[in-house]
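Enquirer:
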Amino acid sequence: MIKAGLLLNGACDVAFHELDDKMSKFIFTNDFHDGKPYLWEDVEVGYETGETGTSKSPRAGKRVLPKKAMWAINYSLQMSNDSINNNFSDRRYGHGRVIQRQLQGWLSGLGYVAHGPLDYTNNFSENVAFAVLGGVSEVARWYSSISPTFGSSLGVSATIVTDLPLAPTYPIDAGIHRMCFDCMKCAEVCPGGAISRMGEPNGPIVKDPTWDALGPWNRWSGRSAFDAKHPELGKIDNKNGYKGVDEPGFMKHWWFSPCDCNLTPAINTCGSFGCGSRCVFANGTESIVHSLVKTTVAVTPIFNSFFKQMDG
Numbered sequence: 001m002i003k004a005g006l007l008l009n010g011a012c013d014v015a016f017h018e019l020d021d022k023m024s025k026f027i028f029t030n031d032f033h034d035g036k037p038y039l040w041e042d043v044e045v046g047y048e049t050g051e052t053g054t055s056k057s058p059r060a061g062k063r064v065l066p067k068k069a070m071w072a073i074n075y076s077l078q079m080s081n082d083s084i085n086n087n088f089s090d091r092r093y094g095h096g097r098v099i100q101r102q103l104q105g106w107l108s109g110l111g112y113v114a115h116g117p118l119d120y121t122n123n124f125s126e127n128v129a130f131a132v133l134g135g136v137s138e139v140a141r142w143y144s145s146i147s148p149t150f151g152s153s154l155g156v157s158a159t160i161v162t163d164l165p166l167a168p169t170y171p172i173d174a175g176i177h178r179m180c181f182d183c184m185k186c187a188e189v190c191p192g193g194a195i196s197r198m199g200e201p202n203g204p205i206v207k208d209p210t211w212d213a214l215g216p217w218n219r220w221s222g223r224s225a226f227d228a229k230h231p232e233l234g235k236i237d238n239k240n241g242y243k244g245v246d247e248p249g250f251m252k253h254w255w256f257s258p259c260d261c262n263l264t265p266a267i268n269t270c271g272s273f274g275c276g277s278r279c280v281f282a283n284g285t286e287s288i289v290h291s292l293v294k295t296t297v298a299v300t301p302i303f304n305s306f307f308k309q310m311d312g
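Okay, here's the thing in structure tokens:
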């Protein structure tokens with residue numbers, strides 16, 4: 001029922017999770033924009049204290065989630081292949097907000113709690129992790145995820161928590177993550193050198209992922225030391241209340257540097273989303289050969305290098 005409603009209103013795929021001790025860690029400890037902590041309490045309905053607002057500025061107070069909200073709903077949006085490489089693709093964020101409000105309204109009308117981000121869909125949770133662990137997509141080299149159905153045009157993912165019991169969905173293996181080991185095309189074409197170069201735009205591309213994914217916007221063990229060395233990046237790295245927080249790596253993935261990716265907070269060095277639009281999985285299903293490639297990649301990595309060369 002929930003998935004059908006989300007697809008009807010514009011989502012392209014949906015994942016469901018039970019929030020056990022491990023999965024609940026993908027709900028942020030602090031809001032991405034204003035640094036307010038998210039806390040779990042034994043209450044019937046969530047609440048907020050202190051000043052509220054949607055601007056990127058630190059605020060005192062807290063946002064409380066009810067402990068009974070033990071399930072998460074994660075939905076994704078597909079970007080148009082025609083606008084994927086320009087800023088029209090940013091419309092997905094506005095659409096994601098609309099879908100979130102609709103979903104919360106449905107659940108509230110049915111008598112269930114439904115809590116999520118205040119404004120921006122990325123404020124609340126590790127949405128890519130929820131999508132990957134829920135079987136919507138697989139982790140990509142360019143710090144997002146790729147769907148076997150929608151390819152790299154899979155756009156924003158968003159998550160809310162609820163006390164409506166849900167049947168969990170599970171991870172998939174479509175060979176996409178393995179392809180990223182061999183391909184490296186996104187790292188090669190990135191004009192900012194932001195992908196897999198360990199923070200050195202002109203450095204060598206590192207093939208394998210790491211648990212110690214250094215850099216802002218990643219969880220990592222040396223974050224506070226990095227912040228102290230690079231105070232000019234403080235405005236970018238605001239996820240943890242505008243201060244460095246040392247955290248263990250939560251998944252093995254490739255290094256990505258948003259500082260080298262973005263000319264400004266809204267404009268990428270390449271224009272917009274050049275990594276995703278040039279990905280070998282950006283071709284969709286226009287030709288029967290694309291379906292053949294996806295089927296082969298899911299079974300064996302032997303032809304990965306060949307498929308990359310054929311993509312140009």
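Straight run, no breaks: the sequence shown in UniProt numbering ends on number 312.
For every residue, glycine included, the Cβ atom is placed at its ideal position computed from N, Cα and C.
These numbers were taken from a predicted model, which means no experiment stands behind them.
1. Nearest to C183 by CA position, among V206, N74, T169, P191, is which residue?
2. If you compare alpha carbons, which of A15, A298, V293 is closest to V128?
3. Any idea if R101 is buried or exposed, counting beta-carbon neighbours within 10 angstroms, 16 or more meaning buried?
4. Assuming contact is defined by CB atoms lying nearer than 8 angstroms, are I160 and I302 in contact in what I supplied?
5. What separation, rounded to the nearest whole angstrom, lies between the Cα atoms of P117 and Y170?
6. How many whole angstroms separate the CB atoms of S157 and I146, which I take to be in contact at a CB cut-off of 8 angstroms?
7. Mind checking which residues open and close the beta strand (DSSP E) that includes K62?
8. Would you give the residue range spanned by the beta strand (DSSP E) that N74 belongs to?
9. Look at the Cβ atom of K62, then the Cβ atom of D42, and state whether they are nearer than 8 angstroms.
10. Reducing DSSP to helix, strand and coil, say where F256 ends up.
11. What does the Cβ neighbour count give for D21, buried or exposed, with the cut at 16 atoms within 10 Å?
12. Helix, strand or coil: how does DSSP classify W40 here?
Expert: Taking the geometry as given:
1. Distances from the CA of C183 to each of V206, N74, T169, P191 were compared; the closest alpha carbon is that of V206.
2. A15
3. exposed
4. no
5. 24 angstroms
6. About 12 angstroms separates the beta carbon of S157 from that of I146, a gap too long to meet the 8 angstroms contact definition.
7. 62-66
8. 71-78
9. no
10. In this structure, F256 counts as strand in the three-state DSSP scheme.
11. With a 10 Å radius around the Cβ and a threshold of 16 neighbouring Cβ atoms, D21 comes out exposed.
12. strand
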